[in-house]
Every structure is written in C-alpha cells, then in structure tokens.
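This report refers to the structure that appears directly beneath it.
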C-alpha cells in the first residue's frame, strides 16, 4: 500500500510542478516539436511496420498449390563457395514443384565449386551450370554473371537466391510463385539469418528485421523501393524489356535493390510473406565482413530515387531528432518527467511492433533491446556512411 501512496504522491508533485511551469520558454517549444515528431513516428510504426507486424498468413491449400504452377528458373551466382553448395543446393534442387530448373553461374571460382556442381548435376538433372572463367567478367559485381544466368534460363519466372541461402522447407518455390497469380512482374520475399549467440548476430538480426519492416511494409502500401537478392523473383521477359542491368553496369553493387528501385511500382509488384516463402542465410561471422556488406548497401542506396532515399533514412533521422529534442527540452528547463513521457510511449509502440514482426518473420527476438539498438545504430550507420563516401571500390 505504501508503494501505491508513494507513486500517487510522486505524480501529484509532478503535476503541481508542471502547473507552476512557465510555458513561454524555448524548452516548451522544443517539447512540442518532440511530441509532434514522436506522434508521426508512432503513426509510421502502425501504418508501415504494422503491415509486416500484423500480417495474416494465408495457408495455401493443395488445390492452390497445384492449380497455379508456372515454370520456374531458380538463378544464383556463386564464387568460391563449394562448402555451401554441397550443404544447401540440394534443398533447392529437391523442391516439391512440378516444373523448375536451377541455374548456377560459377563466376571464375578457384576452389572446388566447379567440381561440386558437376557432382550435383549427375544427381540432379534439373541443375544447369554456366561457367565463367578468368577475365570474362569485365564488369564489377554480380550483374554480368547474373545476366548470363537469366539469359541461360529456360523459363519465364526467375527466382533469385544465393549460395549461402537455403529454403526452410520444400514448398519455397510453390509459395513464392503465388505472387505472380495477380499478373505481377516482381515478387518480393524475405530472408532470415541463422541465429547465433553473438553480439554481431544480434546486430544483424535487428538490422535485417528493421529493414524488412520498412521495405516490405512500403511495398504492401504500393510503394516498393528495394528487395533482397536472396529471395525475390521477376519475369524473364520483364527483365529484358526493362533493359536488365545495362544502365547499372558501372555500379558494382545493387543487382537486387537497384533493379527493384528502378522498375518496381504499385501495379507490378507483390509481396509474399507466408512462412514457407522465407529462406535462411548464413550470417557474417566477422565484423569486417559485415561492415563491407553495409558499405555495399549504402553505396547502392546512393543511387536510389530521391523519394526512396528519404524513405530509407526517414526513421533514423527522426530518431536522432527525438533524442536531440529530449536533451534540448531538459537543458532549457522543461520538466524532465514530461520530456521523457512521449519517449516512453514511443518505446511501448516500438517494442510491440518489433515483437509482433519477429513472430511474422521468424527472426531472433530483439524487441526489448530495440530502443537500445536503435541508438547504437545511429552511431554505427553514421560512421560507416561517412567512410563509404571515401571508398571508391567495395
């Protein structure tokens, strides 16, 4: 009972202090701006992130799986990754789907990749190998090898993935192609990372989940602006009609998100988030590898359309403003108890959305760490973005 009395007295004292507060100060105006920004950030959580967080999965019936089965070519590029091919490629080759092939472009590998592909081809006749040798790929990155893989594909639906990624089950293809049922040209999926008990893995899980809520949520709101090359699909005819990667060969990154950013729109893009559509990738084990991956993403983002650059940086910028305004409000004598109240409200919505979206995406549960990780990423991303500006080749 004494705890309740103490709690009530505390808030009565706060209210009395607030009534005595002079409203015509700079701190008050900072607090008003703070409340407005947090209000709009909460709206963004609900409207955009909420599309993923509260997604209702539609279980495909046997008839639905059998009645729509267009021919599919799964295409991937590989370089010096024989280990993952042996471990993960068979799960793709054994998918429960009536008519599909897997096209693997071996981009001048120097390990046992070519040998491993030949061994697998003897077991799986639906494996099509395209070998590139030294000095053939005069362009940087995956765009040229991937273009050759798509050109070699026999079927009109191209389903992209990577050698370090595997489906969670044998229904991946049949689930992803349902996105084309409404006559779409591009289908976006989600790739999860294997969960490990390391701090780096926690960072990657949080970042991957945040990114997915943003780009998938926007796509569900008819504003697609990027996709993951580990799990997305488009029509082969559409790829060549739009010029493929020709306009982007001078950019070493972005074979996935830049293509989507250039060609996706509200009418031609679908999102598939059923659990069977999600695949699983091996996470980076070393901090240096993760930083390089992030540099590639920031380099790719620099070529986005202006509105999509704004969308992809809107939430981090708003978060930075929020903490600056909290500090300024307190510095200019606004009662700290009231300055942090909107922040606590933001945390409540943030944790709920991250918790629910983790259930949808199957990611590592980082909801209760999200406020802390959000602040940490303000420093991490700002630092990496800065150094990326001075990096010519990634």
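In my numbering, the protein residues as written are 20 to 413. Yeah, the Cβ is synthetic: ideal placement off N, Cα and C, and Gly gets one too.
Query                                                                                                                    : Result
Local conformation of residue 361 per DSSP, three classes                                                                : helix
DSSP state of residue 184 mapped onto helix, strand, coil                                                                : strand
Close beta carbons around residue 238, own chain, < 7 angstroms, minus the five adjacent residues each side              : 207, 288, 290
Boundaries of the beta strand (DSSP E) in which residue 245 is found, first to last residue                              : No beta strand (DSSP E) contains residue 245, which DSSP labels as neither H nor E.
First and last residue of the uninterrupted alpha helix (DSSP H) at residue 163                                          : 162 to 171
Whether residue 267 touches residue 375 by CB criterion (9 angstroms)                                                    : no
Among 320, 126, 231, the one whose alpha carbon lies nearest that of residue 159                                         : 126
Length of the line joining the Cα atoms of residue 213 and residue 300                                                   : 6 angstroms
Where residue 407 falls, given that 16 or more other Cβ within 10 Å makes a residue buried                               : buried
For residue 126: DSSP bridge partner residues                                                                            : 151
Contact belief for residue 145 with residue 120 at Cβ below 8 angstroms, rounded distance in angstroms                   : 5 angstroms
Whole beta strand (DSSP E) elements within the segment 259 to 286, 3-residue minimum                                     : none
Coarse secondary structure for residue 410, derived from DSSP in three states                                            : coil
Residue 219: first and last residue of the uninterrupted alpha helix (DSSP H) it sits in                                 : 218 to 239
Between the CA atoms of residue 368 and residue 64 - distance to the nearest angstrom                                    : 7 angstroms
Backbone CA spacing between residue 284 and residue 48 [nearest angstrom]                                                : 40 angstroms
Residue 382 (DSSP reduced to helix, strand or coil)                                                                      : coil
Endpoints, the beta strand (DSSP E) within which residue 254 is located                                                  : 251 to 254
Residue 211 - partner residues in DSSP beta bridges                                                                      : 299
Whole-number beta carbon distance between residue 182 and residue 104, since they are thought to touch under 8 angstroms : 6 angstroms
Proximity below 9 angstroms, CB of residue 116 to CB of residue 192                                                      : yes
Inter-stretch contact (C-beta, 8 angstroms, three-pair minimum) for the segment 298 to 313 and the segment 254 to 265    : no
Distance, residue 101 Cα to residue 211 Cα                                                                               : 22 angstroms
Burial state of residue 394, where buried means 16 or more other Cβ atoms lie within 10 Å                                : exposed
Identity of the residue in 352, 380, 222 nearest residue 46 by Cα                                                        : 352
The segment 317 to 328 in contact with the segment 380 to 387 per 3-pair CB rule at 8 angstroms                          : no
Nearest-angstrom Cα separation, counted from residue 350 out to residue 209                                              : 43 angstroms
CA-to-CA distance, residue 373 to residue 222, given in whole angstroms                                                  : 14 angstroms
Under the three-state DSSP convention, the category residue 393 falls into                                               : helix
Nearest to residue 87 (by Cα), restricted to the options 197, 189, 68                                                    : 197
Buried or exposed (CB count within 10 angstroms, at least 16 for buried), residue 392                                    : buried
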